[in-house]
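Reviewing the structure listed below.
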Amino acid sequence: MSVISSGGAALGIELGSTRIKACLVDASNPTTVLAVGSHEWENALVDGVWTYSEDAIWSGLQAAYAALVADVRRQGAELTELAGIGVSAMMHGYLAFDAEGNLLVPFRTWRNTSTGAAAAELTDLLDVNIPLRWSIAHLHQAVLDDEAHLASLAKINTLAGWVHEKLTGRFALGVGDASGMFPIGTDGGYDRGRIAAYDAHAAGFLAGRSLTDLLPAVLPAGADAGTLTAAGAALLDPTGTLRPGAVAAPAEGDAGTGMVATNAVSPRTGNVSAGTSIFAMVVLERPLERVHTEIDLVTTPAGDPVAMVHCNNGASELASFASLFARFAAASGQSMSTDAVYETLLREALEGRADAGGILAYNHLSGEPIAGLGEGRPLVVRTPDADFSLANVMRAQVYGIFATLAIGMQTLAEEGVALDAMFAHGGVFRTAGVAQRFLAGALDAPVTVGDTAAEGGAWGMAVLAAFAVAPRGAGTVLPTRDAAPPHAVDLSSYLADQVFAGAASVTADADPADVAGFADYLARYRDGLAVESAAITALPLRGIRSSNEGTA
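Using the numbering used here, the first residue of the sequence shown is number 2, and each one after it goes up by one.
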């Protein structure tokens, strides 16, 4: 049996909303995927909070790694060492710890929209949009609510940062993920002026501390983020086969790995990632002129400024419809695979009318800040004269995935933000020529889907792990925790020259009929938001439930 050794492989792990995925690549050529593994999990709505349990996090991480090891062994090899390792996860949210590292309250994910008062107060205080899901919004809401756990609070983190700390012992975070905790300044660290403003504003809660005492250190891609420790290796691989010592890349969020996976890290490029949530990332060449509550200002993994349009609800409702039709097929004696169901339904959507025949689909399983909704009620709405057909229902479902995103993207267009290329990835784009075409119509811009992003964010994280161990040219300056600017390591050139050179891709131009049809759909969709709002009041949730949604 051959051995994949420390000189050969880089591992990326991403804890997505519905799957934990591990991807092993050739460290010297990360387009070569050596093995993959995954584990499905689901968030739970417990006492009104979207969360994942501690046990689910660690058992799921181990299960995904074990599945990857099984894939390696099927190829007649053994995984004993790694050159590089990196962890990414769903961005934002709130993980609070005491001085001994104990979790004080259940993980509050990005999906929770209970931080409205704190987000509004901080947006005014800091003169920058603070989204509901950002870590600082969760922390300050806890302050406003005088939560008991604050008396023991020693630090906060994101999910990726916590897993990274467990694997390496380093309380540090990649700048892209850190930008979802607190705004980043021009020096590549947390914005010092805004830190000072918050310290003064929350002096009573901080009790002589600074907010920076609670936050992980900020690191750009390629910086020293520690190594896999013996304890970390044992946590990841309880069998004891994996040895410590792998160089760790700074932990990142799924938005950052999506940018890497689509080569959208340079100014005037952007990407759309569609899973349980959907978001667009556009790398800026200049600051925005005004504060927009629809736009989050974050960074690439190298620290360059990004405008992010984030929607809490993506392809989950489409997945529910696919499950419904899969069950219908099985009940009729014609069982179909999940992929075949998606292929059939999405192909049928191509036959729908350009405006979806007057049918509207709201995919809001949870609150949607861009749409002004504190909670979600998935709805399909039509007037009696609508053209109610399977083709139009499915076209409306796909349009519904992109509708709220399009509202936010219109704000960027009004700011004069220019795009040379928009890339897309996520399971909904696997059926060629459907969601990609509809997204191009929704954005009125060409959309490119590449083969290299087939493994998604886990592959993007594996690329960042490979970048962490890549040989540097003469005179290259490696950034450290205190180094600035963060883009001293040219991630963009690495991706262009060593990862995406010659990569296959397909570009769909916007069809004028789709552009006009989606514009009509979106106008009706905006008007119909009043129905969605009324449903929240009229149809309260029926208690605690769990959710297994989407194709993250």
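All C-beta atoms, glycine included, are put in the ideal place defined by N, C-alpha and C. Since this is a predicted model, take the numbers as computed values, not measurements.
Query                                                                                                                                                                : Result
What's the C-alpha gap between residue 27 and residue 79?                                                                                                            : 15 Å
Is the closest heavy atom of the ligand GTP to the C-beta of residue 360 under 7 Å?                                                                                  : This structure does not include the ligand GTP; it has no bound ligands of any sort.
Looking at chain E, is there any beta carbon in it that lies within less than 8 Å of the beta carbon of residue 245?                                                 : Judged by its chain identifiers, the structure shown contains no chain E, having just a single protein chain.
Helix, strand or coil, according to DSSP, for residue 344 in the structure here?                                                                                     : helix
Taking just the CA atoms, how far does residue 508 sit from residue 307?                                                                                             : 23 Å
What residues are listed by DSSP as bridge partners for residue 369?                                                                                                 : 374
Only counting the same chain, and skipping five residues up and downstream in sequence, which positions put a Cβ closer than 6 Å to that of residue 119?             : 138, 141, 142, 145
With DSSP run on the structure shown, which of helix, strand or coil describes residue 251?                                                                          : coil
Can you tell me the Cα-Cα spacing of residue 254 and residue 91, whole angstroms?                                                                                    : 6 Å
Tell whether a beta-carbon distance below 8 Å holds between residue 397 and residue 362.                                                                             : yes
Using a Cβ-Cβ cut-off of 7 Å (strictly less than) and excluding sequence neighbours within five positions of residue 437, which residues of its own chain qualify?   : 425, 430, 448, 450, 509
Find the nearest neighbour of residue 608 within the set 537, 270, 351, judged by alpha-carbon distance.                                                             : Because the chain in this structure spans residues 2 to 553, residue 608 falls outside the shown range and cannot be described.
Given this structure, state the Cα-to-Cα distance separating residue 35 from residue 531, to the nearest angstrom.                                                   : 50 Å
Taking Cβ to Cβ, would you say residue 271 is nearer than 8 Å to residue 261?                                                                                        : no
In three-state terms, what does DSSP make of residue 41?                                                                                                             : strand
Mapping the DSSP letters down to three states, classify residue 93 as helix, strand or coil.                                                                         : coil
Whose CA, out of 347, 244, 249, lies closest to the CA of residue 434?                                                                                               : 347
For the putative contact between residue 250 and residue 469, defined by C-beta atoms under 8 Å, what is the C-beta separation to the nearest angstrom?              : 4 Å
Curious, which full-length alpha helix (DSSP H) runs of at least 4 residues does the segment 43 to 78 contain?                                                       : 55 to 75
Less than 8 Å between the C-beta atoms of residue 188 and residue 252, yes or no?                                                                                    : no
Using the Cα positions of residue 170 and residue 51, report the straight-line distance between them to the nearest angstrom.                                        : 27 Å
I need the DSSP call for residue 430, collapsed to helix, strand or coil.                                                                                            : helix
Go through its chain and collect everything with a Cβ distance to residue 496's Cβ below 8 Å, but skip five positions before and after it.                           : 261, 264, 266, 464
Tell me whether residue 362 sits in a helix, a strand or coil according to DSSP, three-state version.                                                                : strand
Around the C-beta of residue 487, are 16 or more other C-beta atoms found within 10 angstroms, so that it is buried, or is it exposed?                               : Residue confidence is low: residue 487 scores 38 on pLDDT, short of 50, so the model does not pin down where it sits. Its coordinate-derived value is still stated next. Buried: at least 16 other Cβ atoms inside 10 Å.
Using 8 Å as the threshold, is the C-beta distance between residue 237 and residue 53 below it?                                                                      : no
Under a Cβ-count criterion, where at least 16 other Cβ atoms within 10 Å of its own Cβ denotes burial, should residue 439 be classed as buried or exposed?           : buried
Assuming residue 299 and residue 256 form a contact by the criterion Cβ under 8 Å, report the distance between their Cβ atoms to the nearest whole angstrom.         : 7 Å
Could you check which residue in 57, 22, 56, 49 has the C-alpha nearest to that of residue 40?                                                                       : 22
For the alpha helix (DSSP H) holding residue 180, just list the boundary residues, first then last.                                                                  : Premise fails: residue 180 is in no alpha helix (DSSP H) and is neither H nor E.
Leaving out the 5 sequence neighbours to the left and right, which residues in its chain are closer than 7 Å to residue 466 when beta-carbon positions are compared? : 11, 12, 13, 85, 86, 87, 250
What does DSSP give as the partner residue(s) for residue 506 in the beta ladder?                                                                                    : 451
To the nearest angstrom, how far is it from the Cα of residue 327 to the Cα of residue 394?                                                                          : 16 Å
Go through its chain and collect everything with a Cβ distance to residue 409's Cβ below 6 Å, but skip five positions before and after it.                           : 295, 310, 371
In this structure, what does DSSP give as the bridge partners for residue 23?                                                                                        : 14, 38
Cα separation between residue 537 and residue 242?                                                                                                                   : 51 Å
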